[in-house]
Amino acid sequence: TVKATIDGQPVEVPYGTSILDAARQAFIKIPTLCKHQDLPATAACGLCIVKLQGSGKLPRACATPLEDGMEIVTQDHELTEIRRSVIELILSNHPNECLSCGRNGNCELQSLAADFGIRQDVIKRTVRDLPCDNSNGSIVLDFRKCIKCGRCVTVCQEVQNVWALSFLERGINTRMAPAGDITLAESPCIKCGQCAAHCPTGAIVERDDVSIVWDALADPDKYCTVQIAPSVRVALGEEFGYPPGTNLTKKIYAFMRRLGFKAVFDTNFSADLTIVEEASEFVERFVHGKGELPLITSCCPSWTDFMEKKHYDFIDNFSTAKSPQQMLGVMAKTYFAKKNKIDPAKVYQVSIMPCTAKKYELERTDEMMASGFHDVDVVLTTRELARLIKQSGIDFKALPDEDADSILGEYSGAGTIFGATGGVMEAALRTAYFYVTGENLTGKAIDFESVRGLQGVKEGTIDIKGTKVRVAVAHGLGNVEAVLNKVRAAREKGEELPYHFIEVMACPGGCIGGGGQPYGVSDEVRRQRIAGLYADDRDCAVRFSHENPEIKRIYAEFLEKPLSHRAHELLHTNYTP
Ligand code: HC0
Ligand code: SF4
Numbered sequence: 006t007v008k009a010t011i012d013g014q015p016v017e018v019p020y021g022t023s024i025l026d027a028a029r030q031a032f033i034k035i036p037t038l039c040k041h042q043d044l045p046a047t048a049a050c051g052l053c054i055v056k057l058q059g060s061g062k063l064p065r066a067c068a069t070p071l072e073d074g075m076e077i078v079t080q081d082h083e084l085t086e087i088r089r090s091v092i093e094l095i096l097s098n099h100p101n102e103c104l105s106c107g108r109n110g111n112c113e114l115q116s117l118a119a120d121f122g123i124r125q126d127v128i129k130r131t132v133r134d135l136p137c138d139n140s141n142g143s144i145v146l147d148f149r150k151c152i153k154c155g156r157c158v159t160v161c162q163e164v165q166n167v168w169a170l171s172f173l174e175r176g177i178n179t180r181m182a183p184a185g186d187i188t189l190a191e192s193p194c195i196k197c198g199q200c201a202a203h204c205p206t207g208a209i210v211e212r213d214d215v216s217i218v219w220d221a222l223a224d225p226d227k228y229c230t231v232q233i234a235p236s237v238r239v240a241l242g243e244e245f246g247y248p249p250g251t252n253l254t255k256k257i258y259a260f261m262r263r264l265g266f267k268a269v270f271d272t273n274f275s276a277d278l279t280i281v282e283e284a285s286e287f288v289e290r291f292v293h294g295k296g297e298l299p300l301i302t303s304c305c306p307s308w309t310d311f312m313e314k315k316h317y318d319f320i321d322n323f324s325t326a327k328s329p330q331q332m333l334g335v336m337a338k339t340y341f342a343k344k345n346k347i348d349p350a351k352v353y354q355v356s357i358m359p360c361t362a363k364k365y366e367l368e369r370t371d372e373m374m375a376s377g378f379h380d381v382d383v384v385l386t387t388r389e390l391a392r393l394i395k396q397s398g399i400d401f402k403a404l405p406d407e408d409a410d411s412i413l414g415e416y417s418g419a420g421t422i423f424g425a426t427g428g429v430m431e432a433a434l435r436t437a438y439f440y441v442t443g444e445n446l447t448g449k450a451i452d453f454e455s456v457r458g459l460q461g462v463k464e465g466t467i468d469i470k471g472t473k474v475r476v477a478v479a480h481g482l483g484n485v486e487a488v489l490n491k492v493r494a495a496r497e498k499g500e501e502l503p504y505h506f507i508e509v510m511a512c513p514g515g516c517i518g519g520g521g522q523p524y525g526v527s528d529e530v531r532r533q534r535i536a537g538l539y540a541d542d543r544d545c546a547v548r549f550s551h552e553n554p555e556i557k558r559i560y561a562e563f564l565e566k567p568l569s570h571r572a573h574e575l576l577h578t579n580y581t582p
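Residue numbers (UniProt numbering): 6 to 582.
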């Protein structure tokens, strides 16, 4: 460890800790616009300068490790004036558009300008006239609002290994843009939205579809239905002052009904449906040798997009089961509509997701219209849902708890953990175990601890009555290549496969860390959201997807059996390089 003082307070921190992090541990917040808790320092903004006593130096706290004996001053009149000048300089290149900006109210630049009491333009404003990039249906780039902090570039290149975003040009003209100055749609972007989730300003935001939902709700010819993804329920509360991980499932149902949705469904239900199909697919391949191993999960559209662009040698390994979002859409417009004698052409399906890429998934292939219509009509991210709630005037926090509609609303614990990295794998193994042995796991064995947690790649072995199933779970796309390369190496040498089943989620932490979730994510926040989902799992009366009574009913009444002809038509898809 190293010992030093910060603003006169003694601190002791592990060797290598930055001054910024050391100060945080001493309850001192040094302002910064470029350092995000998730990412390495880029030292771009210069706001976090501090004084190193006795040296006359002004090191940047984010990029300077604390050393033994340092006396650091983080705060005095002179530092405040320097920081104010830095903010004024940034503002001089920034459009004066806060009122109509997608980040109004939660922009880090806006709130620092407020904190530092900036009341007028001191430096003449010169904003480059660059058009927005709206080419991709998930994410919008407004280059004029970029402050060149580098967070988006770092997360896109280093965390996700996608390399869609980079810095172009030099000096004062430096700007964030798709590499090669092409449009985002032409770039390798996989729409995960991690850039938007880490952007401090309105330079990268989700495409806002809230008004489309208002229009649909006002249309008397539409029968509006809604589904809510697993990870939304444990993160939405952050927008309303609840701690991360607070489970608001039943308040969200109550809100949706008051807003005018005629039926309130839950994506957790269709997560159970995905598992029944996918676990059956696994058993087909693993036990009966029909199809490629390892089986690889495909419910994350960013991962699917990435596989098709970069790892298409694994196309045959991909589960053909559609994601829960799409399965719910198709069931709403077929089974549900028929059962309730509603014209499926009028059913309008809104999907609330943690994810910007889900906006793209609904039109990925023709098979996303298996009902004869767009199975899902529009996706709102968690952040957009928060805006919808705020616009509605409904006192969300005061709402009573309500239940989802039956059918397509009831879920098992296995369905809810989909939202956390490892959750899809765990849910699938619980059901695959039953399909192979005819018995359900009991007690502690239901929890597959080895695939839980935030380690980038997790491995585990499950013993199905003497047969060992080897699994791997990767989250954060930067972690996937190592896993795939192990499989490639074994294939080349004709050796035994390292894994039989692989789960991949594009976002660090899985969907709870999705690109459309409330801002301010960190590993601590991810852990709390994950804990919220596992608590929901523990509290569920039913912990296995195949035991969900509504799932049983839907097969009995409509789908016949897993992987049936009808299930294939409605619930499965394919992939193209
Ligand atoms: Fe996910 Fe999903 S778990 S991808 O992250 O599979 O978005 O939460 O809704 O579809 O269920 C997202 C979350 C979902 C889907 C589910 C899966
Ligand atoms: Fe979307 Fe979840 Fe995939 Fe992230 S991990 S891109 S939130 S589906």
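All residues carry an ideal CB built from backbone N, CA and C; glycine is no exception.
The Cβ-Cβ distance between alanine 337 and valine 352 falls below 9 angstroms. Under the DSSP assignment, glutamine 533 falls in the alpha helix (DSSP H) whose first and last residues are 528-544. Sequence-distant partners of glycine 465 (beyond 5 residues in either direction) whose C-beta falls short of 7 angstroms from its own C-beta, in its chain, are Phe453, Ser455, Val456 and Val476. The DSSP-derived three-state label of serine 550 is helix. No heavy atom of the ligand HC0 is found nearer than 8 angstroms to the CB of threonine 179. Around the C-beta of isoleucine 87, fewer than 16 other C-beta atoms lie within 10 Å, and the residue is accordingly described as exposed. Leaving aside the five residues that flank glycine 537 on each side, the residues in its chain whose CB is nearer than 6 angstroms to its CB run, in chain order, Val239, Gly250 and Asn252.
One thing to note: glutamine 199 has its Cβ no nearer than 9 angstroms to the Cβ of cysteine 516. Within the stretch 497-525, the beta strand (DSSP E) runs of at least 3 residues that lie entirely inside it are, in chain order, 506-510. Around the beta carbon of arginine 65, 16 or more other beta carbons lie within 10 angstroms, which makes this residue buried.
Taking a cut-off of 8 angstroms on C-beta distances, the stretch 252-264 does not touch the stretch 293-307, as fewer than three cross pairs fall below it. With distances taken between CA atoms, proline 582 lies nearest to Lys315 out of Thr85, Cys545 and Lys315. Leucine 385 is bridged by DSSP to Ile357. For the ligand SF4, no non-hydrogen atom lies closer than 8 angstroms to the CB of alanine 326. Checking the DSSP bridge columns, you'll see arginine 65 partnered with Ile54. With three or more CB-CB distances shorter than 8 angstroms, the stretch 207-223 counts as touching the stretch 143-151. DSSP places cysteine 229 in the strand class (E or B) of the three-state scheme. Collapsing the DSSP output to three states places valine 210 in a strand.
With respect to threonine 361, glycine 514 sits apart: the two C-beta atoms are not nearer than 9 angstroms. For threonine 10, the uninterrupted beta strand (DSSP E) segment begins and ends at 7-11. Cβ-Cβ distances below 8 angstroms link serine 285 to Tyr440, Pro567 and Leu568 in the same chain, with the five nearest sequence neighbours on each side left out; the list follows chain order. Looking at the backbone, the Cα of aspartate 468 and that of cysteine 151 are separated by about 51 angstroms. Per DSSP, lysine 566 has no beta-bridge partner at all. For glycine 427, the CB stays at least 8 angstroms from every heavy atom of the ligand SF4. Closest in C-alpha terms to valine 281, from the list Cys67, Val509, Asp544 and Ser417, comes Ser417. Scanning Gly428, Ala540 and Arg130 for the CA closest to the CA of lysine 463 turns up Gly428.
Distance from the CA atom of histidine 570 to the CA atom of leucine 576, rounded to whole angstroms, is 10 angstroms. Sequence-distant Cβ neighbours of glutamine 162 in its own chain, meaning closer than 8 angstroms and more than five residues away, are Trp168, Leu170 and Ser171. The C-beta distance from valine 492 to leucine 502 rounds to 6 angstroms, short enough to meet the 8 angstroms contact threshold.
Within 8 angstroms of the C-beta of isoleucine 507 there is not a single heavy atom belonging to the ligand HC0.
By the neighbour-count criterion, in which a residue is buried when 16 or more other Cβ atoms sit within 10 angstroms of its Cβ, alanine 259 is buried. The shortest C-alpha to C-alpha distance from aspartate 528 to any of Tyr504, Ala68 and Gln460 is the one to Gln460. For aspartate 271, the enclosing beta strand (DSSP E) stretches over residues 268-271. Nearest to isoleucine 35 by C-alpha distance, out of Ser60, Ala68 and Pro19, is Ala68. For the pair of segments examined, the stretch 321-339 was found to touch the stretch 379-398: the number of CB pairs separated by less than 8 angstroms reaches three. As for any alpha helix (DSSP H) of minimum length 4 sitting wholly inside the stretch 121-207, the runs are 156-159 and 199-203, ordered along the chain.
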